[in-house]
Amino acid sequence: MADEKNAPTKADDAAASVPSDLEGHVDAQGRYPLLSVQHLSKEFPVDSGVFASKMSKRVSAVDDISFDIFPGETFGLVGESGCGKSTTGRCIMRLTNPTGGKVFFNGENVADMKKKDLKSMRHDMQFIFQDPYASLNPRMTIGEIISEPLIIHGEMTDKKERLDFVRELLDEVGLNPEHINRYPHEFSGGQRQRVGIARAFALRPKLIICDEPVSALDVSIQAQVLNLLSGLQEQYGTAYLFIAHDLSVVQHISNRVAVMYLGNLMELSDWKTLYAQPYHPYTQSLLSAVPVPDPDVQRSRKRIILAGDPPSPIDPPTGCRFHTRCPIAKEICSKERPELKEVAPGHFCACHFAAPFPIKESSINL
Amino acid sequence: MDLKNQPVPEGSHLLEVDDLKMYFHTQDGVVKAVDGVSYNLDRGETLGVVGESGSGKSVTAMTIMGLIDMPPGKIEGGDVRYRGLSLFEMTEKQMQDIRGNDIAMVFQDPMTSLNPVYTIGRQLGEGLRLHRGYSKEQATKRAIELLDMVGIPNPEQRVKDYPHQFSGGMRQRVMIAMALACDPDILIADEPTTALDVTIQAQIIELMQEMQEKNGNAIIMITHDLGVVADVADKIMVMYAGRPVEFGTADEIFYNPVHPYTWGLVRSIPEALVDEKKPLTPIKGNPPSLVNVPKGCSFSPRCPYATDRCRNERPDTYTTETGHYSRCHYSMDPEFVAKNAPTNSRRRAEENGAADAVAGKGGEA
Ligand SMILES: Nc1ncnc2c1ncn2[C@@H]1O[C@H](COP(=O)(O)OP(=O)(O)OP(=O)(O)O)[C@@H](O)[C@H]1O
Ligand SMILES: Nc1ncnc2c1ncn2[C@@H]1O[C@H](COP(=O)(O)OP(=O)(O)OP(=O)(O)O)[C@@H](O)[C@H]1O
Ligand code: SF4
Ligand SMILES: [Mg+2]
Ligand SMILES: [Mg+2]
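If you read the sequences in order, they're chains Z and A.
Heads up: the first sequence is residues 278 to 643, going by our numbering.
Heads up: the second sequence is residues 13 to 377, going by our numbering.
Next up, the structure:
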């Protein structure tokens, strides 16, 4: 949506030195990605205690995933609990160090950044968290909370100017500017999430990583916050990495969507195609499991009910990580990891049997 | 005494909740958590209870189960009758018999409702030993059967496990097994799938439906997810600020809702998009405090159609012959409803049918 309004970051104005790692990563308008995640992996040692050794088991939280985010777009990342969505976000912000792969932000490798570069990166890359209760310091007024990034980055050193700006921000996110001296506990969940949004927008960042920003909210409030995020994006051309487990929310907010399962990217496409013509059996199962608020539809639709739980990321399944639950898995699936292949322009899928609706009734074995 | 084997008296329902009021007396004032809830439920039926966070869904269920601490809670009026008998007139001993045996509950967070220091098997068998006088061996045997019934692989081994050794979805299945252990008449499930992923949610819902088909029990399904309700409910109660604002069959609530809060709820759900993006339609403002419930209609501060009358006068309950009821001054005004209600798949199909008929294509398929 914001793509057209945004001045394209063409090769020439994005600084002369486009690293070779971004070659070939341009979008339809010839722009380089604002964020490029390449073969990112993150493992955690399971046992960090006294007996931890090289032999200890490891949690493979994120395993070789790649995607690009272009200026002004919303990139949705969906998947079930524990599939590695937050870990991906944390690696991008370098709140945790990846164990493999590279992340480029504004053309620079985040892993190589020294303290000073990291600080300037975090100026342009902000985040919004899921829990509007835990993520705001209860001892700070909302004015102080929203000013904090400005103070850290030495912007608006004049206090009056700063507070005026904070009031403007409060107004922008739909909060009463007169409430600048109130504390978080005086606000409802939806209002607190607005405070978090105001704070994230204070520095006018280029990218905001939104980790489940509406998951804790009631639907009627969720819609308010989603509309606010869309409105601000349209106004400022900010790109979002939007992490969520709710497929319909992701569809509404995203330009492109990637589906994760157990640390792997299974499918990636524009929002329309992903929902209308998913190629991956996991995406299809996921979409078919979401209950539709319409009894007629619900009674008549065919659903794929996946058996069992997602396996543990400690010792994940070999080959395709989905094969233990996949209704159409064959021998090859447990042996070879399927590559994320382009199955149609801009549509990627990691499945040996990638095809529109490969799951047929006859293939479901419940 | 097994109440569930006694006949339901003529003219009564399995469960009758009648103008139930539960208030909490706190330092900040009186919290009117449940303020006039009424509904009937019969065997084999599923009631869906929806509404915003804090609207009194859980407190209603806990009051029926006799699980609210009094004080601070106090029943300010109304009655709950099970097979014609008032639960409020029962002794604590009688209530203990009813809980788990006749009316069982599955809670939202399985980790807090399973005891971490006892094995799954022991916790599953507890009710049977208490209500049925099973021996330890009998209880364990039945626990294994129950685990198997709810689809836990390797039940002989897993009965010996502790809750932390189970995944979230498995724990919730254990909770359902536990609730179903004594074949209850009524299963109350409070957000049984909210903490779970959709693929696991689908499993749990299917499991509850299968069990209901087999046992013929009634289900009260509390959720904030209208999709889940569309999937399972025969009747739906929509709650707002401690009161049901609308009650009806699933078809009435989804295809002919008459209360503006129900409309707002339906409109806020992100609908599946096909061709183009559409902005979402939230309900403006925030839910009210239950200490200072707005005068008049409690939804009036957020209702786009509110008039002075709404802000001053509390709406009556308007009921149709089918039992569909609503608490809005204008819900009996067909023009108001036709003009403001959101459209739905049935209405769209009708309109398309009509348009096709006009175009000479001959209406419905
Ligand atoms: N610091 C850590 N140490 C060990 N394991 C971790 C750590 N952080 C995350 N994990 C594991 O990595 C996996 C991915 O976790 P992550 O939080 O990224 O998932 P998620 O997709 O965000 O899930 P959710 O939807 O529940 O937030 C999980 O199995 C988790 O237990
Ligand atoms: N012991 C208590 N003392 C005072 N107030 C209480 C107590 N228990 C519940 N309440 C209040 O009663 C109201 C109704 O709570 P209830 O738990 O029934 O909401 P709910 O509809 O189940 O919400 P959710 O969807 O968040 O579970 C809330 O405002 C809650 O704060
Ligand atoms: S690769 Fe095999 S196991 Fe994996 S999703 Fe495709 S069919 Fe299923
Ligand atoms: Mg997470
Ligand atoms: Mg509740």
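Cβ coordinates follow ideal geometry from the N, Cα and C atoms, glycine included.
- For A:Thr319, the three-state secondary structure derived from DSSP is coil.
- The three-state secondary structure of A:Val186, taken from DSSP, is helix.
- DSSP places Z:Met398 in the uninterrupted alpha helix (DSSP H) bounded by Lys392 to Asp401.
- In the DSSP assignment, A:Ile198 falls within the unbroken beta strand (DSSP E) covering Ile198 to Asp202.
- Sequence-distant Cβ neighbours of A:Val43 in its own chain, meaning closer than 6 Å and more than five residues away, are Phe36, Leu302 and Val303.
- Bounds of the beta strand (DSSP E) holding A:Glu258 are Arg255 to Thr261.
- In this structure, the straight-line span from the alpha carbon of Z:Ile581 to that of Z:Pro558 is close to 10 Å.
- Contact note: Z:Arg580 reaches chain A through Ala214, using a C-beta cutoff of 8 Å and chain order.
- Counting only runs of 3+ residues, the beta strand (DSSP E) found wholly inside the segment 479-544 of chain Z occupies 484-488, 516-521 and 533-538, in chain order.
- Taking a Cβ-Cβ threshold of 7 Å, the residues of chain Z close to A:Ala242 are Pro568, Val569, Pro570, Asp571, Pro572 and Gln575, in chain order.
- Within 8 Å of the C-beta of Z:Ala553 there is not a single heavy atom belonging to ligand 1.
- Going by DSSP, A:Ala45 is part of the beta strand (DSSP E) stretching over Gly41 to Leu53.
- The C-beta of A:Gly276 comes closer than 9 Å to at least one C-beta of chain Z.
- Not one heavy atom of ligand 1 falls within 8 Å of the beta-carbon of Z:Cys487.
- Taken from the Cβ of Z:Gly307, every heavy atom of ligand 1 lies 8 Å or farther away.
- Under the criterion of beta carbons closer than 8 Å, A:Arg55 and A:Asp197 qualify as touching, at roughly 7 Å.
- Neighbours of A:Phe266 across chain Z, judged by C-beta separation under 9 Å: Pro570, Asp571, Pro572 and Asp573.
- Identification of chain Z residues near A:Ala262 by a Cβ-Cβ cut-off of 8 Å yields Pro572, ordered along the chain.
- Among the residues of chain A, those whose CB is under 8 Å from the CB of Z:Gln528 are Pro282, Ala284 and Leu285, following chain order.
- Around the beta-carbon of A:Arg360, fewer than 16 other beta-carbon atoms lie within 10 Å, marking it exposed.
- Between Z:Gln501 and Z:Ile405, the C-beta gap is not smaller than 9 Å, which leaves the two residues out of contact.
- Annotation for Z:Val491 indicates a beta carbon at 8 Å or more from all heavy atoms of ligand 2.
- Contacts with chain A at 9 Å (Cβ-Cβ) do not include Z:Gly353.
- Annotated three-state conformation of Z:Ser611 is helix, per DSSP.
- Contact with chain A is found for Z:Ile498, since one of that chain's Cβ atoms lies less than 9 Å from the residue's Cβ.
- Listed along chain Z, the residues sitting closer than 9 Å to A:Asp237 by beta-carbon distance are Val496, Pro568 and Pro570.
- Z:Asp488 and Z:Gly366 do touch by the CB rule: their CB atoms are close to 5 Å apart, below 8 Å.
- The beta carbons of Z:Gly378 and Z:Gln306 sit no closer together than 9 Å.
- When rounded, the separation of the alpha-carbon atoms in A:Ile248 and A:Asp328 is 19 Å.
- Around the Cβ of Z:Ala388, a 10 Å sphere holds fewer than 16 other Cβ atoms; the residue is exposed.
- With a threshold of 9 Å between beta carbons, Z:Pro490 makes no contact with chain A.
- Looking at Z:Leu311, Z:Ser313 and Z:Ile342, the one whose alpha-carbon comes closest to that of Z:Leu542 is Z:Ile342.
- By the beta-carbon neighbour count (other beta carbons within 10 angstroms, threshold 16), A:Pro167 is buried.
- Looking at the DSSP output, A:Ser338 bridges to A:Glu258 and A:Tyr330.
- For A:Met182, the residues of chain Z that pass the 8 Å Cβ criterion are Asp586, in the order they occur in the chain.
- For A:Ser179, at least one C-beta of chain Z is nearer than 9 Å to its own C-beta.
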